[in-house]
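Trainee: Below is one structure. I have some questions about it.
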Amino acid sequence: GENVEQHPSTLSVQEGDSAVIKCTYSDSASNYFPWYKQELGKRPQLIIDIRSNVGEKKDQRIAVTLNKTAKHFSLHITETQPEDSAVYFCAAINSGGSNYKLTFGKGTLLTVNP
Amino acid sequence: SQTIHQWPATLVQPVGSPLSLECTVEGTSNPNLYWYRQAAGRGLQLLFYSVGIGQISSEVPQNLSASRPQDRQFILSSKKLLLSDSGFYLCAWSVVPFNQPQHFGDGTRLSIL
Chain A
10 GENVEQHPST LSVQEGDSAV IKCTYSDSAS NYFPWYKQEL GKRPQLIIDI
60 RSNVGEKKDQ RIAVTLNKTA KHFSLHITET QPEDSAVYFC AAINSGGSNY
110 KLTFGKGTLL TVNP
Chain B
525 SQTIHQWPAT LVQPVGSPLS LECTVEGTSN PNLYWYRQAA GRGLQLLFYS
575 VGIGQISSEV PQNLSASRPQ DRQFILSSKK LLLSDSGFYL CAWSVVPFNQ
625 PQHFGDGTRL SIL
């Protein structure tokens, strides 16, 4: 089955700096990659996603890049703010297979210091 | 628009007591439904998922069970809770095709005493 590795497990940056979180996946047939943000005590919320027919996607300060050859994808947050502090999860799925579940990474705790 | 309701928000139960957590989705038909558990400071562990009424797939052997009595209703149950069942339980839904996001409910924080 699919295996998703996420790095780093913790990341601390200064306000205004950029943050990058990387994930690798094992199933070359995976074709959908969402990212979730989970604030303390809250539910995970989708912040951005990318499909395998696209190499990059941006939404304001957030971007995701996908390298299908290397089987890795990354979340980029620019001009970080204290409210970006949260746990971020990447995930992957082969939507064309018989597997109906997302495989999640173990999460990255991002702390943005004022 | 679609919404997901999950209750209760918090629950404190003694060891050995039964459990029933309910999740309902509105605004969509035939959703895929999921139950996750999250221990404090940890990742998301998939417990069960369902692609249709009465269809339940179990991911982790445990003393929990799930049922889907109606199209948009997903129930997580236990006959006898263990201390290790404590955690944050999240229900989620998605639609076919599977290259669509999962959306999570607000979760139930379960403490076992």
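From first to last, the protein sequence lines are chains A and B.
Just so you know, the first sequence maps onto residues 10 to 123 in the working numbering.
Just so you know, the second sequence maps onto residues 525 to 637 in the working numbering.
Every residue gets a Cβ at the ideal spot worked out from N, C-alpha and C, and that includes glycine.
Cβ of TYR109 (chain A) less than 8 Å from any chain B Cβ?
Mentor: The residue you call residue 109 (chain A) lines up with position 100 of the first sequence. For TYR109 (chain A), the answer is yes, since a Cβ of chain B falls inside 8 Å of its Cβ.
Trainee: Residue range of the beta strand (DSSP E) that TYR45 (chain A) falls in?
Mentor: As a position in the first sequence, residue 45 (chain A) is number 36, starting the count at 1. Segment 41-47, the beta strand (DSSP E) holding TYR45 (chain A).
Trainee: PRO621 (chain B) touches chain A at which residues, Cβ-Cβ below 7 Å?
Mentor: Locating residue 621 (chain B) in the second sequence gives position 97, where the first residue counts as 1. Neighbours of PRO621 (chain B) on chain A, chain order: SER104.
Trainee: Under 8 Å between C-beta atoms, does PHE113 (chain A) make it to chain B?
Mentor: Position 104 of the first sequence, counting from 1, holds the residue named residue 113 (chain A). Answer yes: the Cβ-Cβ gap between PHE113 (chain A) and chain B drops below 8 Å somewhere.
Trainee: What residues in the segment 73-97 of chain A bring their beta carbon closer than 7 Å to a beta carbon of chain B?
Mentor: Contacts with chain B (Cβ-Cβ distance below 7 Å) from the segment 73-97 of chain A involve no residue at all.
Trainee: Measure how close the beta-carbons of LYS46 (chain A) and GLN54 (chain A) come, nearest whole angstrom, since I'm counting them as under 8 Å.
Mentor: Position 37 of the first sequence, counted from the first residue, corresponds to residue 46 (chain A). Position 45 of the first sequence, counted from the first residue, corresponds to residue 54 (chain A). Their Cβ separation, rounded to whole angstroms, is 6 Å, which keeps LYS46 (chain A) and GLN54 (chain A) in contact under 8 Å.
Trainee: Between PRO625 (chain B) and chain A, is the shortest Cβ-Cβ distance under 8 Å, so that the two count as touching?
Mentor: Sequence index remark: in the second sequence, residue 625 (chain B) carries index 101 (1-based). It does; some Cβ of chain A falls within 8 Å.
Trainee: At a CB distance below 8 Å, what residues from the segment 567-582 of chain B approach chain A? Give them in sequence order.
Mentor: GLY567, LEU568, LEU570, TYR573, VAL575 and SER581
Trainee: Beta carbon of ASN76 (chain A), beta carbon of ASN623 (chain B): below 8 Å?
Mentor: Start at 1 with the first residue of the first sequence, and residue 76 (chain A) comes out as number 67. Start at 1 with the first residue of the second sequence, and residue 623 (chain B) comes out as number 99. The answer is no: Cβ separation not under 8 Å.
Trainee: Comparing C-alpha positions only, which one of A:LEU119, A:THR33, A:ASP58 and A:TRP44 sits nearest to THR89 (chain A)?
Mentor: The residue you call residue 89 (chain A) lines up with position 80 of the first sequence. Of the listed residues, the one whose Cα sits closest to THR89 (chain A) is A:LEU119.
Trainee: Once you ignore the five residues that flank LYS603 (chain B) on each side, which residues in its own chain have a CB closer than 6 Å to its CB?
Mentor: Counted from its first residue, the second sequence places residue 603 (chain B) at position 79. Closer than 6 Å at the Cβ level, and outside the excluded window around LYS603 (chain B), lie PRO542.
Trainee: Going along the segment 596-619 of chain B in order, which residues come within less than 7 Å of chain A, judged by CB to CB distance?
Mentor: Listed by position along the chain: LEU614.
Trainee: Near PRO91 (chain A), which residues of its chain fall below 7 Å by C-beta distance, leaving aside the five closest residues on each side in sequence?
Mentor: Start at 1 with the first residue of the first sequence, and residue 91 (chain A) comes out as number 82. GLU24, VAL121 and PRO123, listed in sequence order.
Trainee: Counting contacts by CB-CB distance shorter than 8 Å, is GLY10 (chain A) in contact with chain B?
Mentor: Taking the first residue of the first sequence as position 1, residue 10 (chain A) is located at position 1. Chain B contact via Cβ: absent.
Trainee: What does DSSP give as the partner residue(s) for THR130 (chain A) in the beta ladder?
Mentor: This structure does not reach residue 130 (chain A), given that chain A is present from 10 up to 123, and the question cannot be answered.
Trainee: Nearest to SER544 (chain B) by CA position, among B:TRP617, B:TRP559, B:SER618 and B:SER601, is which residue?
Mentor: Against the second sequence, residue 544 (chain B) aligns to sequence position 20. When only C-alpha atoms are compared, the closest one is B:SER601.
Trainee: Could you name the residues of the same chain whose beta carbon sits closer than 6 Å to that of ARG561 (chain B), not counting the 5 residues immediately before and after it, in chain order?
Mentor: The count along the second sequence starts at 1 and reaches residue 561 (chain B) at position 37. Closer than 6 Å at Cβ, skipping near neighbours: GLN569, LEU571, GLY611 and TYR613.
Trainee: Under the rule that 16 or more other beta-carbon atoms within 10 Å means buried, what is PRO538 (chain B), buried or exposed?
Mentor: As a position in the second sequence, residue 538 (chain B) is number 14, starting the count at 1. Residue environment: PRO538 (chain B) is assigned as exposed (fewer than 16 neighbouring CB atoms within 10 Å of its CB, all protein chains considered).
Trainee: Out of curiosity, what's the CA-to-CA distance linking GLY565 (chain B) and VAL29 (chain A)?
Mentor: Sequence index remark: in the second sequence, residue 565 (chain B) carries index 41 (1-based). Sequence index remark: in the first sequence, residue 29 (chain A) carries index 20 (1-based). Going from the Cα of GLY565 (chain B) to the Cα of VAL29 (chain A) covers about 20 Å.
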